[in-house]
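Engineer: First residue of the sequence shown? That's 126 in this note's numbering, and the numbers climb one at a time after it. Ideal Cβ placement from N, Cα and C applies to all residues, glycine included. My structure is below; once you've seen it, I'll send some questions.
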Amino acid sequence: MNRTLLNKVRCLLISSGLSKTFWGEALLTAAYLINRSPFVPLNGKLPECVWSGKNVDLSSIRIFGCSAFALHNGDKLDPRAQKCIFIGYPISVKGYRLWLRSQLGFKVIISRDVTFNETKMPYLSSSHKNHHNSDIKSIFNKVETYQIDNQQREENELEENQQVDNPPAPPPDHNTYQLARDRERRESRIPTKFRDYHLALNTETIEPYSYEEALESRNSEKWKTAMEEGINSLMKNKTWTLVPKPKDTSIVDCKWLFKIKQENESTRYKARLVAKGFTQKEGIDFTEIFSLVVKYTTVRIFLALTAHFNMELKQMDVKTAFLHGDLD
């Protein structure tokens with residue numbers, strides 16, 4: 126099995142053009158594909174089907190290393206998609222693992238809403254360009270050059286001088302100059318010796334997409350602590366009140382949201398329990414909406430008064446600030 130996985134990993138890296146630093150992602154993808162491929166000892170059945178006893182949906186399989194565009198929910202004028210590279214499948218959650226280049230560097234994200242372009246391999250195309258350039262150089266190196274005889278060259282020059290009055294040629298010792306070309310700008314890249322560590326640092330702090338994924342991650346204890354703090358904050362602020370279920374109403378489910386926040390030189394793991402409000406339908410489950418957020422006009426007035434009266438402004442962080450508001 127190790128040899129089978131190794132051969133699969135080698136094929137995935139070569140066909141995608143990705144570097145060897147992606148061997149871990151290629152290994153997980155290889156195992157995923159092998160478990161969903163017909164197996165001769167199992168009479169052509171899929172190992173995943175035999176193990177789980179359920180049918181496997183193969184429509185989600187994509188070409189490793191292809192170009193992908195993940196849905197981006199940003200500001201109104203921001204692009205609606207982020208250009209990524211497909212690098213595998215997440216564990217215990219539906220979606221795709223994508224390699225995203227952001228302003229802070231590279232990172233791995235997990236997304237369900239993805240559009241793929243399986244005919245384009247970004248890293249493979251760049252390597253092919255270099256290969257084609259080398260081929261072109263080798264072709265030019267093979268071009269034969271011919272040297273014109275001095276007597277024939279003088280006769281040709283004499284004929285040209287008789288037809289057109291050309292300016293006299295400069296003396297042999299005359300200096301000729303050539304305009305200097307602008308040097309092409311080099312793209313700044315991470316030094317080769319740091320690339321493996323850079324990849325490890327980015328993949329180390331992946332935010333879980335679900336409760337199960339948080340418990341299966343290597344930082345599961347930190348996520349458990351974060352969830353306990355979130356529950357304690359909800360109970361302390363008396364966020365909800367238990368009431369009998371009204372007739373002809375649907376119960377709104379909830380889910381955990383996980384976030385890794387960088388604070389100075391420390392890393393904080395945050396977990397928030399939120400309601401799935403998107404499962405409700407307007408006019409059936411609700412008629413009014415309300416969001417407990419500050420108005421920008423209030424912030425501007427506050428800052429203007431601070432500057433007018435020459436007062437000092439201090440900033441502080443309130444833990445679970447959204448629970449302190451009054452919805453009535």
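Please report how far the alpha carbon of residue 257 lies from the alpha carbon of residue 135, in whole angstroms.
Structural biologist: In this prediction, residue 257 has a pLDDT of 42, which is less than 50 and means its spatial position is unreliable; what the coordinates show is noted afterwards. C-alpha separation (whole angstroms): 23 Å.
Engineer: Start and end of the alpha helix (DSSP H) containing residue 421?
Structural biologist: Per DSSP, residue 421 belongs to the alpha helix (DSSP H) from 421–433.
Engineer: Excluding the 5 residues flanking residue 331 on each side, which residues of the same chain have their C-beta closer than 6 Å to its C-beta?
Structural biologist: The answer, listed in chain order, is 233.
Engineer: By the DSSP assignment, the beta strand (DSSP E) with residue 393 in it spans what residues?
Structural biologist: Counting along the chain, the beta strand (DSSP E) containing residue 393 begins and ends at 391–400.
Engineer: Could you tell me which residues DSSP puts in a beta bridge with residue 210?
Structural biologist: Answer is 192 and 224, bridged to residue 210.
Engineer: List, from N- to C-terminal side, the alpha helix (DSSP H) runs of 4 residues or more that fit wholly inside the segment 136–167.
Structural biologist: You should have 148–159.
Engineer: Rank 365, 374 and 398 by C-alpha distance to the C-alpha of residue 353 and give the top, closest one.
Structural biologist: Looking at the Cα atoms, 398 is the closest of the given residues.
Engineer: Determine the burial state of residue 138: buried for a count of at least 16 other Cβ atoms within 10 Å of its Cβ, exposed for fewer.
Structural biologist: Residue 138 is buried by the Cβ-count criterion.
Engineer: In angstroms, rounded to a whole number, what distance separates the CA positions of residue 142 and residue 248?
Structural biologist: Going from the Cα of residue 142 to the Cα of residue 248 covers about 5 Å.
Engineer: Count the other C-beta atoms from every protein chain shown that fall within 10 angstroms of the C-beta of residue 169, then say buried if there are 16 or more, exposed otherwise.
Structural biologist: Per the 10 Å Cβ criterion, exposed.
Engineer: Can you say whether residue 246 is buried or exposed, counting buried as having 16 or more other CB atoms within 10 angstroms of its CB?
Structural biologist: Buried, because 16 or more other Cβ atoms sit within 10 Å of the Cβ of residue 246.
Engineer: Between the C-alpha atoms of residue 176 and residue 238, what's the straight-line distance to the nearest angstrom?
Structural biologist: Near 28 Å, if we compare the C-alpha coordinates of residue 238 and residue 176.
Engineer: With 16 as the cutoff for other CB atoms within 10 Å, does residue 191 come out buried or exposed?
Structural biologist: Looking at its Cβ environment, which holds 16 or more other Cβ atoms inside 10 Å, residue 191 is buried.
Engineer: How about residue 213 and residue 153: are their beta carbons less than 7 Å apart?
Structural biologist: Going by C-beta atoms, residue 213 is nearer than 7 Å to residue 153.
Engineer: Please confirm whether residue 205 and residue 241 have their CB atoms less than 7 Å apart.
Structural biologist: For residue 205 and residue 241, no; Cβs fall outside 7 Å.
Engineer: When burial is assigned at 16 or more other CB atoms within 10 Å of the CB, is residue 421 buried or exposed?
Structural biologist: Exposed: under 16 other Cβ atoms inside 10 Å.
Engineer: Leaving aside the five residues before and after residue 203 along the sequence, list all residues of the same chain whose C-beta is less than 8 Å from its C-beta, in chain order.
Structural biologist: The residues are 197.
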